């Protein structure tokens with residue numbers, strides 16, 4: 538009998554952001570504050586998209602609270618509100634809060650038996666992160 542495996546999405550930020558949104562966020566994370574033209578220049582290296590598509594994507598990211606806009610029309614500048622690490626923590630936190638609310642016993646049982654289901658490398662990274670947090674980092 539095959540084992541059922543829940544896979545919400547393949548990896549990382551794909552759960553919350555579309556491909557173009559992820560690429561735009563990566564450009565902002567790497568280059569800081571940018572105009573639409575600057576983001577378009579950076580993104581067009583890997584994606585064939587119109588300048589207006591980048592402008593729309595940036596506005597959508599602003600509505601999601603992930604990007605902040607400053608300046609005046611035609612010279613807007615955009616910056617990521619959260620670092621990649623902060624966004625990843627928010628996504629994980631919201632997912633765990635949802636699981637804790639709807640499946641509290643199953644979530645507790647998972648963490649109890651995590652050593653059986655998670656690779657030693659992942660367990661090591663968890664332990665390092667817990668140590669870092671305990672030390673005030």
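In our numbering, the protein residues as written are 538 to 674. Each residue gets a CB set at the ideal place from its N, CA and C atoms; glycine is no exception. Remember, it's a predicted structure, so these values are computed and weren't measured experimentally.
Beta-carbon proximity list for residue 694, same chain, < 7 Å, skipping 5 on both sides: This structure cannot speak to residue 694, because the chain is shown only from 538 to 674.
Endpoints, beta strand (DSSP E) assigned at residue 615: What you label residue 615 is simply residue 78 of the chain shown in a count that begins at 1. 614 to 617 is the extent of the beta strand (DSSP E) around residue 615.
Through-space distance from residue 655 to residue 592, alpha-carbon basis: In the chain shown, counting from the first residue as 1, residue 592 sits at position 55. In the chain shown, counting from the first residue as 1, residue 655 sits at position 118. When rounded, the distance between both Cα atoms is 41 Å.
Three-state class that DSSP yields for residue 620 in the structure shown: The sequence position of residue 620 within the chain shown is 83, counting from 1. Annotated three-state conformation of residue 620 is coil, per DSSP.
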